[in-house]
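Numbering (our numbering), first residue to last: -13 to 686. The beta-carbon is built from N, C-alpha and C at its ideal position, and this holds for glycine as well.
Structure below.
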């Protein structure tokens, strides 16, 4: 844009004098030189202001030109086609992308009607689109086929926005690839639908709840139900009752793990009431709504299923005797624990009364006998778990020397009572920091040392610990328990580690015991990568040995001091805890035992009473019996953890009390929201240790 050159001061002065004289403002004879000079000065100031304005105007025009250039660059280089159309549909302006789509130059497109480029079959659709834009004065969009200058077609997404003066702007995006992909997908779906509909096997899809979401036509051929009758219903309605558990486990296993698996044989009910045997192959699939589905193929196995059912029944009959024994042992162990809880609790309570030395000796002997019975019960449970294949090892850091010291200290009283010298010898190269299952290591040591003391009328029992081997990750340790006892006859050594086996029938009558400890020790040693054996001479003593492989552990930190000392509360105010227990004996004994250690235990007889107490009072901890009438401990704990329940503390520590001591029972307690677990009968030292842990802010 051209601008006029600035006016010179001389010209300005002359023009000003002329204007002033012509207007009569400056008569030739009336104006003094000073007045003229003042007017000229004002005119010069005005001239400078005009020059500055002219400069600003030049800069504004420059910026505008640059902005317009950038706009046209973006307009031309945009990947989307842009058109400006008149009210009648003539192309007024087009960018490079739009011209390229039609195979013309931009100049060639100008003033052509847009309808010229609309596919003949879509002309009516475009007419309606055009009218909608003009009449509604609102943005519109559609998908049409457009024609290029060479006669070829392409699919386009078009959008239109009304502008001023009846014009409107149109955007064009080539979506041919998307439309082609959708068409390929449609044809693929039709092809696979034909395959699915004509498949002999039943192809199906289930939701995470097991409800049918899809079924192939083979379902109607195999089972007689119309597909419409079945969709939305649970698969459990069609599975034989005896097959429901394995079917559910199978479905959940795939949905949780995502691993494709073959199902066990199962029976599906036909519409005529008969049962047909099938086997399924399935996999997990996640749809676009992020919903997990089970996709499966079921194959008719009716004949094979009948043969397998007969084999299954024969196998079940063959296993009945062994499984019945395991169930009996587990059941009896549970039933004995409840009365034992009362016996040991009462003996522990008696120790806090005034006793003569003779009475104290009697009570200690009775308590030791009770604890021995508890160990036998634990052995019975371990045997049941071994036979069921449910023994599992823990894995965490521990101090071997501490484990040995605690184990030997527990056996020291029995050794003193018998007048047997108990000694320990640990080689200097044996490490202390290890990783593995210290409770199972302790169990083997205890079984062997306890047996050695029991079968040694007099003399010595020595535990030797050596390092057999070492690599970068682990140590192989060897433990030997040597005694000067009665020994074992050579012909009995081969059977000494079998269940319920001792050297001879008189051993049980003379020395007691169930004959389970060595069997359990053998299995545990093997689970820890080792072995077990014995060398013995009848009448001269025995040496039992075992090896285990334990990982190298990290440095074991020194445990911080607890705020509660064992048996002595630092606070003068008793700590209030709630005991949930329906057994009258436990209701009497446990609060009295805890009172001697600075705790006040209130009793709730069932789950409802627990919730009422926790809503009314503040407690530091709950001792929760799991199996109570009415509302169980599991149900009560679920309510406690519910943030909408009325209890005062939803995070209060809950320790489970139960006669079920199997691993799955403990896991059930933790899954229900409980923090820890104590098996019955309750041993006061174990109970106090749990209280100290959780009242000191412990965690799982």
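- The three-state secondary structure of residue 393, taken from DSSP, is helix.
- About 6 Å separates the beta carbons of residue 676 and residue 641, which is inside the 8 Å limit, making them a contact pair.
- Contact check for residue 112 against residue 121 fails: the beta carbons are separated by 8 Å or more.
- Residue 367 and residue 171 have their alpha carbons spaced roughly 59 Å apart.
- Per DSSP, residue 611 is one residue of the beta strand (DSSP E) stretching across 607 to 611.
- Beta-bridge annotation (DSSP): residue 115 is not paired with any residue.
- With respect to the C-alpha of residue 250, the residue from 190, 286 and 456 having the closest C-alpha is 286.
- Between residue 439 and residue 400, the gap from beta carbon to beta carbon is short of 8 Å.
- Each residue's CA atom was taken as its position, placing residue 206 and residue 161 some 41 Å apart.
- Here the segment 256 to 267 makes no contact with the segment 153 to 167; the two share fewer than three CB pairs at distances below 8 Å.
- Annotation: residue 299 to residue 293 spans about 10 Å, alpha carbon to alpha carbon.
- For residue 474, the closest alpha carbon among the candidates 458, 502 and 441 is that of 441.
- Excluding its 5 nearest sequence neighbours in each direction, residue 211 has C-beta neighbours in its own chain below 6 Å: 257, listed in chain order.
- Pairing residue 148 with residue 125, the inter-Cα distance amounts to about 7 Å.
- In the structure shown, residue 158 adopts extended strand secondary structure according to DSSP, grouped into three states.
- Shown here, residue 442 sits in coil according to DSSP, grouped into three states, outside any helix or strand.
- Our two residues, residue 218 and residue 185, have alpha carbons roughly 22 Å apart in a direct line.
- Under DSSP, the beta-bridge partners assigned to residue 189 are 283.
- Between residue 479 and residue 467, the C-beta spacing is not below 8 Å.
- Residue 247 is bridged by DSSP to 268.
- Between the alpha carbons of residue 391 and residue 233 lies a distance of about 50 Å.
- Nearest neighbour of residue 472 by Cα position, chosen from 525, 272, 655 and 281, turns out to be 525.
- Here the alpha carbons of residue 579 and residue 601 stand approximately 26 Å from one another.
- Counting every other CB atom within 10 Å of its CB across the protein chains shown gives residue 663 a total of 16 or more, marking it as buried.
- Selection 74, 77 and 82 evaluated against residue 67 yields 82 as nearest (Cα-Cα).
- Along the length of the segment 69 to 147, whole alpha helix (DSSP H) runs at least 4 residues long occupy 82 to 88, 92 to 95 and 109 to 122, reported in chain order.
- Closest by C-alpha distance to residue 266, out of 322, 321, 412 and 192, is 192.
- When Cβ pairs closer than 8 Å are counted between the two stretches, the segment 415 to 429 is seen to touch the segment 378 to 398, the count reaching three or more.
- Here DSSP, grouped into helix, strand and coil, assigns residue 207 to helix.
- Less than 8 Å separates the beta-carbon of residue 284 from that of residue 187.
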